[in-house]
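Take a look at the structure below.
In the working numbering, the protein residues as written are 1 to 334.
And the structure:
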């Protein structure tokens, strides 16, 4: 048995790196049947135990305990989660300095990271589309909205900021790219690798949007000894049920809430609400306040959906046990 790391995932097939080999691997049947949710299955970034049966293929026998995982709401199954990557040290949140630039979406990605204790780094890509004053204006907007998070302004085309960004990556750490389709994640990956490992496509001239250029999640070893997980662009980034993520992202609101008159203040209508007072006095951004409540409602809805799903699953399990018990009783009387 050998220990390796999953570097690519294709539905129910995997690539596992056990240097100097890379195996095409499948999951042991017992592990697949024992998985209660998709989160129990291997994901890119996982350390696994594999048994090779020839020079190219192997069977995955187990998954090592995870340091953490990055997940979002499943886009296909209500009340379930989708694992994006595991064993991640930091997430590189990429936004392009064109029509993709969106502070509300940025806060959504930050909440996803904070919920799983993953350090966020913000990368404002395609800086060559703007002049220096515009670049700094966007950087300032981000730093004002989400203070304390490192921000890098880069351009693969002009080379602006790329070397400083590369120098910030810590050898041995694993980084995960997050962002919409067309923001230049694959181009950034190629720049960090120094080669064309991920296929890239030019922007559509009609809407300035990039086409999907990454069809699967993959982990790459970078020249400086760090690791990078690239993944398809995310059209939807639904939050899960962690309150810590929102509290850390909206730290100004969290801090103000400590001075609210009521400990269970919803910051919507209560007298003595320090958050509403700050909003009235212009100390708190109205856009950030509205986005906070939007994400809070989404999180509450997901919590309710999960609770209802568990209730249904429990009822189904009870019914199945009763049916099996009745069948066993009938067999005993025959």
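For every residue, glycine included, the Cβ atom is placed at its ideal position computed from N, Cα and C.
Per DSSP, what kind of secondary structure is residue i in: helix, strand or coil?
i           : result
residue 177 : strand
residue 183 : coil
residue 275 : helix
residue 219 : strand
residue 288 : helix
residue 243 : helix
residue 112 : helix
residue 106 : helix
residue 17  : strand
residue 297 : helix
residue 97  : coil
residue 268 : coil
residue 12  : coil
residue 335 : Nothing about residue 335 can be read from this structure; the chain reaches only from 1 to 334.
For residue i and residue j, I'd like the C-alpha separation in whole angstroms.
i           : j           : result
residue 60  : residue 42  : 9 Å
residue 56  : residue 98  : 44 Å
residue 139 : residue 71  : 27 Å
residue 178 : residue 28  : 30 Å
residue 45  : residue 276 : 42 Å
residue 220 : residue 171 : 13 Å
residue 267 : residue 146 : 20 Å
residue 100 : residue 164 : 23 Å
residue 341 : residue 287 : Given that the chain is displayed from residue 1 to residue 334, the structure contains no residue 341 and the question cannot be resolved.
residue 30  : residue 294 : 41 Å
residue 64  : residue 244 : 25 Å
residue 88  : residue 161 : 23 Å
residue 18  : residue 105 : 37 Å
residue 103 : residue 292 : 12 Å
Using the beta-carbon count (16 or more within 10 Å), is residue i buried or exposed?
i           : result
residue 346 : Residue 346 falls outside the range modelled here, since the chain spans only 1 to 334, and no answer is possible.
residue 223 : exposed
residue 281 : exposed
residue 167 : exposed
residue 81  : buried
residue 33  : exposed
residue 54  : exposed
What are the uninterrupted segments assigned as alpha helix (DSSP H) that are 4 or more residues long and contained completely in the stretch 27 to 84, given in chain order?
DSSP assignment within the stretch 27 to 84 yields the following whole alpha helix (DSSP H) runs of 4 residues or more, N-terminal first: 29 to 34.
Sequence ranges, beta strand (DSSP E) only - wholly within the stretch 117 to 193, length at least 3
Listed in chain order, the beta strand (DSSP E) runs fully inside the stretch 117 to 193 are 119 to 125, 151 to 153, 174 to 178, counting runs of at least 3 residues.
Taking contact to mean 3 or more Cβ pairs, one atom from each stretch, closer than 8 Å, check whether the stretch 119 to 136 and the stretch 81 to 101 are in contact.
Touching, per the Cβ criterion.
Any 3 or more C-beta pairs closer than 8 Å across the stretch 224 to 232 and the stretch 183 to 196
Yes, the stretch 224 to 232 is in contact with the stretch 183 to 196.
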